[in-house]
Amino acid sequence: MPGASEPPPPGGRRRRTLAVAGAGVVVALGLAVALVALLRGGDDDGGTAASASPAVSVSANDEAARTEARALAAAVAMDAPDWGPGYKRAEPYEIDPAPELDVRNTCELFDQGGRAGTLAALRRSVTHPTTGLSSYTEVRVFTDVATAESYVNDVESGTRRCPEQHSGKVRFAGVRQATAPSVAGFDKIVAEDGRQVADNDGAQTDYPYVVYTGRSGRTTLSVLDYDDGGTVQARLAERATGVLKKLQQRLESGSP
Numbered sequence: 350m351p352g353a354s355e356p357p358p359p360g361g362r363r364r365r366t367l368a369v370a371g372a373g374v375v376v377a378l379g380l381a382v383a384l385v386a387l388l389r390g391g392d393d394d395g396g397t398a399a400s401a402s403p404a405v406s407v408s409a410n411d412e413a414a415r416t417e418a419r420a421l422a423a424a425v426a427m428d429a430p431d432w433g434p435g436y437k438r439a440e441p442y443e444i445d446p447a448p449e450l451d452v453r454n455t456c457e458l459f460d461q462g463g464r465a466g467t468l469a470a471l472r473r474s475v476t477h478p479t480t481g482l483s484s485y486t487e488v489r490v491f492t493d494v495a496t497a498e499s500y501v502n503d504v505e506s507g508t509r510r511c512p513e514q515h516s517g518k519v520r521f522a523g524v525r526q527a528t529a530p531s532v533a534g535f536d537k538i539v540a541e542d543g544r545q546v547a548d549n550d551g552a553q554t555d556y557p558y559v560v561y562t563g564r565s566g567r568t569t570l571s572v573l574d575y576d577d578g579g580t581v582q583a584r585l586a587e588r589a590t591g592v593l594k595k596l597q598q599r600l601e602s603g604s605p
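Going by this note's numbering, the sequence shown opens with residue 350, and the numbers climb by one from there.
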């Protein structure tokens, strides 16, 4: 599902995409390791590796739970070097809290605040070393499995409803539900691919993209990856799958 809150690369591309330092890193990672099993939670309907522990719910008003969820998100979301050599931080690099993207009945994209039951929503954006296009990883932690499920279902619904989407003069075409990658540790993964065909000024573009969103208990992990028109979609999907696998591994350990 394309969006409108990301920094544009050359050509004005836009799309839906907790700084800690010093001693704060140790504190954040300690909280993340302690909470990772809790936040992964489990399904009521049985599931995969993410369902190893019982389903757990917390209050959205619990400040300690929010702090711990943000620490986990900060430990899991990827920095530029995690993507590979030459990647750089985009501007802005972090959005916290990251908005949710939705699609109107007119297929117009719009950002909105996080739904009730969101404990943390952190997005980190990077730029490709040769194309300058922006990609991102995003971590969302919810109070319970049902809320995480509703988020993933809404992401999937937007993809199915609108094969052509727009935000201002920015336009996307060929938006479709793609084959979900096989990545262990998720209860569900939804996938989308398409192309951006017009930039902020309405000028023609050709930027293929993929978006993967996986749910592990009451945590969701997302990757949006862009490239230029010379990229074969399968190669772009392979790269995004590698990023999603790395996110899941970081979630399992509670740290990079």
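Here a beta-carbon is modelled for each residue, glycine too, at the ideal position from N, C-alpha and C. It should be emphasised that the depicted structure is a prediction, and the values quoted were computed from it without experimental measurement.
Going by alpha carbons, who is nearest to residue 414 out of 443, 432, 467 and 460?
467
Identify whether residue 594 lies in helix, strand or coil by the three-state DSSP scheme.
helix
Tell me the rounded alpha-carbon separation between residue 493 and residue 406.
5 Å
From the DSSP secondary-structure annotation, give me the bridge partner or partners of residue 527.
Answer is none; residue 527 lacks a bridge partner.
Cα-Cα, which of 590, 581 and 507 is closest to residue 532?
The option with the nearest alpha carbon to residue 532 is 590.
Are the beta-carbon atoms of residue 504 and residue 562 separated by less than 8 Å?
yes
Three-state secondary structure assigned by DSSP to residue 503
helix
Over the uninterrupted beta strand (DSSP E) stretch that includes residue 468, give me the two end residues.
467–476
Would the beta-carbon of residue 522 fall within 8 Å of that of residue 544?
yes
Sort out for me which residues DSSP pairs residue 547 with in a bridge.
520 and 553
Taking the C-alpha atoms as reference points, what is the distance between residue 424 and residue 511?
34 Å
Would DSSP call residue 513 helix, strand or coil?
coil
Opening and closing residue of the beta strand (DSSP E) in which residue 569 lies
568–575
Measure the C-alpha to C-alpha separation of residue 380 and residue 599 and round it to an integer number of angstroms.
Note that residue 380 scores 35 on pLDDT, short of 50, meaning its location in the model is unreliable and no value can be drawn from it.
Between the CA atoms of residue 551 and residue 432 - distance to the nearest angstrom
30 Å
Between residue 388 and residue 540, what straight-line distance do the alpha-carbon atoms span, to the nearest angstrom?
In this predicted model, residue 388 has a pLDDT of only 43, less than 50, meaning its place in the structure is not dependable enough to derive any value.
Using the Cβ count rule (16 or more neighbours within 10 Å means buried), how would you classify residue 417?
buried
DSSP three-state call for residue 432: helix, strand or coil?
helix
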